[in-house]
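Peer 1: Quick mapping for you: the protein sequence lines, in order, are chains A and B.
Letter by letter, the first sequence follows residues 125 to 340 of our numbering.
Letter by letter, the second sequence follows residues -5 to 674 of our numbering.
Each residue gets a CB set at the ideal place from its N, CA and C atoms; glycine is no exception.
So that we are looking at the same thing, I have put the structure below in structure tokens.
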Amino acid sequence: MPLRRVLCLVAVGRWRHRFREGTHVSVNLSKGQGISLQKSDGAALTAVRMGLGWRAAPRRGLFGKRTKEIDLDASAVLFADKQPVDVVFFRHLVSDDGSVKHTGDNLVGGAGQGGDDEAIMVDLQRVPVHIDQIVFTVNSFTGQTFAEVENAFCRIVDETTGEELARYTLTGGGQYTAQIMAKVHRQGNGWQMTAIGEPANGRTFQDLMPTILPKL
Amino acid sequence: MTAELVRGQNHPLPGTRVEIRVSAGAPVIAGVTLNDQRGRMRDAGWTAHPAAPQLPGVEVSRQAAAVHHLAVDLDALPQDVHRVNILLALPSGPDFPPDFSALAAPFLAVTGLDGEEIASYTATGLSAESAVVALELYLRQGGWKVRAVGQGYAGGLAAMLADQGLAEAGALADTINEAVAAGMARSFGHAPQGPTRHTTAARTEPAQPTSPPPPPEGRPALGAQQPADGPGGTHGGGPIDYRHPRRATPASPSTPPPAPAGQPRPDTVPSQAGPPAQSGTGAQPGTAPQPGPVPGQPGGADSSQPVAGDAPGWSMEERLYNQVWGMFEDLARSVAAYRSAVDFADSRMDRELDSVLDDPRARVGPAAEAARAQAQAKRDALIEQAQAALERDTGRLEAESEVVEPALPPALARWDNPVWQAYEPPAEPPMALRVGDLSIPERAGLRIPMLVRLPLERGLWIDSGRPRGGESALVDADELRRLAQATATALAARIVAVHPADELTLHVIDPAGSAATALLPLVESGVLREPPAAGASGVARTLERLTQRVDLVQMAVRSRATDALPPDLDLADQLLIVHDFPHGFDDRAVNQLRYLADEGPSVGVSLLMVADREEARAYGPVLDPLWRSLLRLTPVPDDHLADPWVGHAWTYEPPLAPSGSQVVPQVLRRVVAARHSSGS
């Protein structure tokens, strides 16, 4: 049974969005910018959550209030030395090694700190030693392009405290059906997150591989 | 890089469009059948063969040929298809070889669209068979994989089609042979020669000794999740210690169990709202230990000590059950991380060495030496890191196991657990039963309880046949049979003991009395109320009674008239132990046994069989559904079980009491005493 979130949360999403903006102080990344992942006290992170969110652009004109559904899917691809080793997506919710988990239908944390439409948890300590990059993508299963999506974002949250560490908001949707959002990669003994923001076309992550590879 | 598969091994497919190239030493028929998630052929049309060669997504040749190219588009298959079986058969007729014995082993290669080989398999070991299920492509966790099956059929095409679940397989086989004969005129002259023949011969050599052939029926997944993965060719490691290394002094656990409820007894109210009785409970996302007890940093401040019962659940029993499944999953995944890292380190070194060799000028000399040494050092460093991570994870799980084991209630505990010394018959049946231990070569000492839900959803089969794994080669056939009988008694004693004294009735069929010694504890204690049924008449009588009971209860349940059941009907659950199958069984008895295996579990009748599949070979494939419906256990450690998450091969070890221990007779005597005191 594919766990698939169908979204029609225009009003709620907007409210949540504002709520989040007000509560978290985090780094707003621009395309290509990286940030090293550590707790506010400088200690190494143990578990992070990559939350992805979006909302449908409101319709204009006649029947503008009709609900519009956009079904985006978040995936994470685990790479070892630029070779894909495992993929976490709606049909394979946990990487074989158990380090990366897609929450599927679950909104972890509930309304208080929620707001992510899909979330992928990464237990950084359990990531196998040869995995050096994890790439996060969003693609439109139903084929709508990002022109119909507003405010797609990804943010990385310290899973142990709930604190948002960094956020990357996509600007300017366009005629493409997928986005390579960000990657989390090893840096020295720790990890770093880099915003990618590269548009691509495809229905599932396999179609995105040619776009991902140059970004590794 | 091509994966050369051995029987039972699987390999992921990178895409959904593949070509399967078949080359055989003589013209063969190629066919395809499709199965749904439950392994059934949902639609009679889910088959492609020379008389009806096309299905959406796959097409086979109309004729027999020594070389086949099957193009498969997995995306285009009918919805709900989860498995594609690739079948080969020799056509019938005087012009064709009667079986594969005189032919070179059929060779199959799975290639991508670009022609690059993904995996190959040489179907070795065929002799009297004239048909074979060669490969299966199957969907697992969203990705397609290929598995080398290599299941041959001496009964030929018809037997294979029947086993695939096709109605009127005989008639269909005739139709296919006719179609093939009609197309034959065109087919002859197609020389089967090609470079593949040569590689086939070369491949058979190394393929055989590298990995143990797994059981042909596939590796049943624990928790009965759908597709069971074969072993990833992961076998070996050092000799496995079958003893209980950590339990050498069971009476004095050095760390007292910090279980809040002390030694939980089965009389803790078993939850009514436990996890769904559906299989695969352990796979619930919520059951894995949550980030609370995140594995601490190595050497860092790791204050969180493992605690027994550290998992969700309504009762201590359920929490421990979930915790054990959580440990099982964690170990499976940690080993997956380790194996994946080692594979990667090896393949990276191979690549780097290849690139050194690519440049003829750099092949020799100090620079090449240095490059080689560097590649080797990189590999070793990565493997060392992977080992450290595995060490950290397993150390944690070992510590957890040390506190969990002593806290387990009898139904989940090993026989050497002190909880059995203080055993009293429980007031309620438990939610699960430990039917043995599981371990994995990387940490043979860390043994995970293998728990199955009660009431049993499928019967148990203790395989007394020649083991297919390597470890038990030292045990001779008689000893194996004796161990299988002893295992059955140990399991039966466990099942009886964990039920309230009057809620399980035991029946034994021992047609030739060959299991008398093993049955002694059950007979002497009086747990077995009637002597074991002997001879063909005893077999018939016992099966007749149980079949009738199943019929009656089913009827009563269906018509909601349970109060209309005859007053003398034994309302207790029934466990039937069958020794020496199919000795003393006629066709009618075999049918009744199959009926009990299928229908019994839903009305409280379970089956525990001790059997060697080879001895029932005369019945042909009609018994295959029976074997498949049972959970296969082995009397000696054997790596034939797969976990539901990653599909590693786990070594199963049966739940035997330590030698010389009197715990089993002692427990059984208490059961009988409790029966007497309750006046039955």
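Using a Cβ-Cβ cutoff of 7 Å, what residues of the stretch 612 to 637 of chain B are near chain A? List them in chain order.
Peer 2: Under the 7 Å Cβ criterion, the stretch 612 to 637 of chain B contributes no residue.
Peer 1: Give the C-beta separation of Leu587 of chain B and Leu537 of chain B to the nearest angstrom, bearing in mind that I take them to be a contact with Cβ-Cβ under 8 Å.
Peer 2: Position 593 of the second sequence, counted from the start, is the residue given in the question as residue 587 of chain B. Position 543 of the second sequence, counted from the start, is the residue given in the question as residue 537 of chain B. The Cβ separation is near 6 Å, so the contact holds.
Peer 1: Phe214 of chain A CB to nearest chain B CB: under 9 Å?
Peer 2: The count along the first sequence starts at 1 and reaches residue 214 of chain A at position 90. For Phe214 of chain A, the answer is yes, since a Cβ of chain B falls inside 9 Å of its Cβ.
Peer 1: Can the beta-carbon of Leu7 of chain B be found closer than 9 Å to that of Ile80 of chain B?
Peer 2: Numbered from 1 along the second sequence, position 13 holds the residue referred to as residue 7 of chain B. Numbered from 1 along the second sequence, position 86 holds the residue referred to as residue 80 of chain B. No.
Peer 1: Determine the DSSP secondary structure at Thr293 of chain A, reduced to helix, strand or coil.
Peer 2: Here the question's residue 293 of chain A lines up with position 169 in the first sequence. Thr293 of chain A falls in the strand class under three-state DSSP.
Peer 1: For Arg34 of chain B, which of B:Gly2, B:Ala161, B:Ile23, B:Val0 has the nearest alpha-carbon?
Peer 2: Locating residue 34 of chain B in the second sequence gives position 40, counting from the first residue. Of B:Gly2, B:Ala161, B:Ile23, B:Val0, the residue nearest in Cα terms is B:Ala161.
Peer 1: Asp324 of chain B touches chain A at which residues, Cβ-Cβ below 8 Å?
Peer 2: On the second sequence, position 330 is the one that residue 324 of chain B refers to. By Cβ distance, chain A contributes Gly222.
Peer 1: Under 9 Å between the Cβ atoms of Ser431 of chain B and Arg447 of chain B?
Peer 2: If you number the second sequence from 1, residue 431 of chain B lands on position 437. If you number the second sequence from 1, residue 447 of chain B lands on position 453. Just to set this straight, residue 431 of chain B is Asp in the shown sequence, not Ser. No, the pair does not count as a contact, with Cβ atoms beyond the cut-off.
Peer 1: Please classify His254 of chain A: does DSSP put it in a helix, a strand, or coil?
Peer 2: Position 130 of the first sequence holds residue 254 of chain A. The answer is coil: DSSP assigns His254 of chain A none of H, G, I, E or B.
Peer 1: Under the three-state reduction of DSSP, which class applies to Phe677 of chain B: helix, strand or coil?
Peer 2: Absent from the structure is residue 677 of chain B, since the part of chain B shown begins at -5 and ends at 674.
Peer 1: Whose CA, out of B:His43, B:Tyr115, B:Val661, lies closest to the CA of Ala515 of chain B?
Peer 2: For this step, residue 515 of chain B is matched to residue 521 along the second sequence. One point to set straight first is that residue 515 of chain B is Pro, not Ala, in the sequence displayed. Looking at the Cα atoms, B:Val661 is the closest of the given residues.
Peer 1: Where does the unbroken alpha helix (DSSP H) through Ala482 of chain B begin, and where does it stop?
Peer 2: The residue you call residue 482 of chain B lines up with position 488 of the second sequence. Run containing Ala482 of chain B: 471 to 492, per the alpha helix (DSSP H) assignment.
Peer 1: Buried or exposed: where does Lys206 of chain A fall if 16 or more other Cβ atoms within 10 Å of its Cβ makes it buried?
Peer 2: To locate residue 206 of chain A, count along the first sequence from 1; it is residue 82. Result: exposed.
Peer 1: Could you please tell me which residues of the stretch 638 to 650 of chain B, in chain order, have their CB closer than 8 Å to any CB of chain A?
Peer 2: Correct list: Trp639, Val640.
Peer 1: Check each candidate in B:Pro88, B:Val469, B:Arg452, B:Phe94 and name the one with the smallest Cα separation from Arg460 of chain B.
Peer 2: Walking along the second sequence from the start, residue 460 of chain B turns up at place 466. When only C-alpha atoms are compared, the closest one is B:Val469.
Peer 1: Could you compute how far the alpha carbon of Asp496 of chain B sits from the alpha carbon of Ala487 of chain B?
Peer 2: Looking up residue 496 of chain B in the second sequence gives position 502. Looking up residue 487 of chain B in the second sequence gives position 493. If you take the alpha carbons of Asp496 of chain B and Ala487 of chain B, they lie about 14 Å apart.
Peer 1: Check whether the Cβ of Ser458 of chain B lies closer than 8 Å to any heavy atom of the ligand COA, and answer yes or no.
Peer 2: In the structure on display, the ligand COA does not appear, and there are no ligands present to speak of.
Peer 1: If you measure from the beta carbon of Ala198 of chain A to each beta carbon in chain B, is any gap under 9 Å?
Peer 2: Within the first sequence, residue 198 of chain A is the residue found at index 74, counting from 1. No, no contact with chain B.
Peer 1: Measure the beta-carbon distance from Ala198 of chain A to Val262 of chain A and round it to whole angstroms, keeping in mind my assumption that it falls under 8 Å.
Peer 2: For the purposes of this step, residue 198 of chain A is taken as the residue at position 74 of the first sequence. For the purposes of this step, residue 262 of chain A is taken as the residue at position 138 of the first sequence. Ala198 of chain A to Val262 of chain A, Cβ: 5 Å. Contact.
Peer 1: Which residues in chain B have a C-beta closer than 9 Å to the C-beta of Ala204 of chain A? List them in chain order.
Peer 2: On the first sequence, residue 204 of chain A is found 80 positions in, with the first residue counted as 1. Simply Ser334, Ala335, Phe338, Arg342.
Peer 1: Under the three-state reduction of DSSP, which class applies to Ala163 of chain B: helix, strand or coil?
Peer 2: Against the second sequence, residue 163 of chain B aligns to sequence position 169. Three-state result, Ala163 of chain B: helix.
Peer 1: Between Ser328 of chain B and chain A, is the shortest Cβ-Cβ distance under 9 Å, so that the two count as touching?
Peer 2: Position 334 of the second sequence, counted from the first residue, corresponds to residue 328 of chain B. Yes, because at least one Cβ of chain A sits closer than 9 Å to the Cβ of Ser328 of chain B.
Peer 1: Against His309 of chain A, what residues of chain B qualify as contacts under a CB-to-CB distance less than 9 Å, listed in chain order?
Peer 2: Translated into the one-based positions of the first sequence, residue 309 of chain A becomes position 185. Here the premise fails: no neighbours, minimum Cβ distance about 16 Å.
Peer 1: Identify which residue in B:Lys139, B:Ser395, B:Pro595, B:Ala383 has its Cα closest to the Cα of Ala302 of chain B.
Peer 2: On the second sequence, position 308 is the one that residue 302 of chain B refers to. Residue B:Ser395 is the option with its Cα nearest to Ala302 of chain B.
Peer 1: Considering Cα atoms alone, identify which of B:Val502, B:Asn171, B:Thr645 is closest to Pro44 of chain B.
Peer 2: The count along the second sequence starts at 1 and reaches residue 44 of chain B at position 50. Ranking the options by Cα distance to Pro44 of chain B, first place goes to B:Asn171.
Peer 1: Give, in chain order, every residue of the stretch 374 to 406 of chain B whose Cβ lies closer than 7 Å to some Cβ of chain A.
Peer 2: Listed by position along the chain: Leu376, Gln379, Ala380, Ala383.
Peer 1: Which bits of chain B does Pro334 of chain A rub up against, with CB to CB less than 9 Å?
Peer 2: Along the first sequence, one-based indexing puts residue 334 of chain A at 210. Under the 9 Å cutoff, chain B gives no residues; its nearest Cβ is about 13 Å from Pro334 of chain A.
Peer 1: Quick one: list the residues of chain B neighbouring Val209 of chain A, beta-carbon separation under 8 Å, in chain order.
Peer 2: For this step, residue 209 of chain A is matched to residue 85 along the first sequence. The contacting residues are Ser334, Phe338.
Peer 1: Mind reading off the beta-carbon distance from Glu123 of chain B to Phe94 of chain B? Whole number of angstroms is fine, and I expect it under 8 Å.
Peer 2: Taking the first residue of the second sequence as 1, we reach residue 123 of chain B at position 129. Taking the first residue of the second sequence as 1, we reach residue 94 of chain B at position 100. Indeed they touch by this definition, with Cβ atoms about 6 Å apart.
Peer 1: Ignore the nearest five residues each way along the sequence and tell me which others in Leu71 of chain B's own chain have a CB closer than 8 Å to its CB.
Peer 2: Along the second sequence, one-based indexing puts residue 71 of chain B at 77. Counting only Cβ-Cβ distances below 8 Å, and skipping sequence neighbours, we find Leu28, Leu49, Pro50, Gly51, Val52, Val78.
Peer 1: Looking only at DSSP bridge pairs, what is Ser264 of chain A linked to?
Peer 2: The residue labelled residue 264 of chain A in the question sits at position 140 within the first sequence. Beta-bridge pairing links Ser264 of chain A to A:Leu196.
Peer 1: With distances taken from CA atoms, which of A:Asp241, A:Gly286, A:Gly156, A:Phe270 is nearest Asn325 of chain A?
Peer 2: The residue given as residue 325 of chain A occupies position 201 in the first sequence. Closest by alpha carbon: A:Phe270.
Peer 1: At what residue ranges does the stretch 486 to 564 of chain B contain a whole run of the beta strand (DSSP E), taking only runs of 3 or more?
Peer 2: 498 to 503, all fully within the stretch 486 to 564 of chain B.
Peer 1: Is there a Cβ from chain B that is less than 9 Å from the Cβ of Thr147 of chain A?
Peer 2: Here residue 147 of chain A refers to the residue found at position 23 when the first sequence is read from its first residue. Below a pLDDT of 50, predicted positions are generally treated as unreliable, and Thr147 of chain A, at 41, falls in that range; no measurement from the model is reported.
Peer 1: What in chain B is Cβ-close to Val253 of chain A, meaning under 7 Å?
Peer 2: Position 129 of the first sequence, counting from 1, holds the residue named residue 253 of chain A. What Val253 of chain A touches in chain B: Ala335, Leu376, Gln379, Ala380, Ala383.
Peer 1: Alpha carbons only, please: which of B:Ser623, B:Leu625, B:Phe575, B:Trp644 is nearest the one belonging to Tyr613 of chain B?
Peer 2: The residue you call residue 613 of chain B lines up with position 619 of the second sequence. Looking at the Cα atoms, B:Phe575 is the closest of the given residues.
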